[in-house]
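Inspection log for the structure reproduced underneath, given as structure tokens.
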Amino acid sequence: MTRIALIHATPVSIAPIATAFAAHWPAADTPNILDDSLSADQARDGDLTEAMRRRFQALADYSLIGGADGILFTCSAFGAAIEAVQQRLDVPVLKPNEAMFRKAIDRGGKIAMLVTFGPSVGPLRTEFEDLAHARQIELETILVEGAMAALADGDAATHNRLIADAAKTIERASTILLAQFSMAQAREAVEAETSIPVLTAPENAVLAMRACFNQP
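Rendered as structure tokens:
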């Protein structure tokens, strides 16, 4: 059985990726590794410190000790730290949004990205633009205020409604991206408010990881 370690910075990412694996790769063994201080420390420091980078390396090493064949990070604000892990390890290591971004870029046109965690906005825009290179793609980023706090308080209905309300304001886009794993649960609410195709990070990340192992 293929073991894919799932490394989380917040507990709200665990259920969405579990759902995605159940739908698209149920045979995979997916242990969860959670450090829920990462997001708070990132918000406090305002940057990826060297100490934070070492913590990501340590989490990856721990997953390998546990027998991981691949590693999937579910935290969207730490792209540079994850890239450093990718460069050092030989096993597949995936960033949470890369597969979703590539799919959206292939579609082209204007892309609208909804985000609920402020510190993720800059890193996500940078990651998207790096992947797009010279492609003529317009990226609109919308920070959905209050949604993350609602979810942290256990109010998923408000979280989903706020994201759906933000999606209603989007015009002329070819694709809407729900940029964080915790936002995947809002997909149905968003699709009820717009005819624009919606992509979620967990589903596309699982499909990309499965492809790394040539799984049908």
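Residue numbers (my numbering): 894 to 1109.
All residues carry an ideal CB built from backbone N, CA and C; glycine is no exception.
Source: prediction; values computed, not measured.
Sequence-distant partners of residue 1079 (beyond 5 residues in either direction) whose C-beta falls short of 6 Å from its own C-beta, in its chain, are 1053 and 1056. Restricting attention to alpha helix (DSSP H) runs no shorter than 4 residues, the region 978-1039 encloses them at 991-1000 and 1014-1025, ordered along the chain. Here the alpha carbons of residue 898 and residue 978 stand approximately 13 Å from one another. Only residues of its own chain outside the window of five on either side were considered, and among them none has a CB closer than 8 Å to the CB of residue 915. In the DSSP assignment, residue 901 is bridged to 927.
By the C-beta criterion, the region 1086-1094 is judged to be in contact with the region 1062-1070, since at least 3 inter-stretch pairs fall below 8 Å. Collapsing the DSSP output to three states places residue 934 in a helix. Of the other Cβ atoms in all chains shown, fewer than 16 fall within 10 Å of the Cβ of residue 1106; this residue is therefore exposed.
Less than 8 Å separates the beta-carbon of residue 1077 from that of residue 909.
When secondary structure is reduced to three states using DSSP, residue 939 falls in the coil class, being assigned neither helix nor strand. By the Cβ neighbour-count rule, residue 975 is buried, with 16 or more other Cβ atoms within 10 Å of its own. Beta-carbon to beta-carbon, residue 930 and residue 970 are separated by about 13 Å, too far to satisfy the 8 Å threshold. Only exposed fits residue 894, as fewer than 16 other CB atoms lie within 10 angstroms of its CB. Pairing residue 1011 with residue 1036 gives a Cβ-Cβ distance under 8 Å. Here the region 942-956 does not lie against the region 997-1017, with fewer than 3 beta-carbon pairs under 8 Å apart.
Its chain contains 953 as the residues whose beta carbon lies nearer than 7 Å to that of residue 982, once the 5 sequence neighbours on both sides are disregarded; these appear in chain order.
8 Å or more divides the Cβ of residue 1020 from the Cβ of residue 963.
In the three-state reduction of the DSSP assignment, residue 1065 falls in the coil class.
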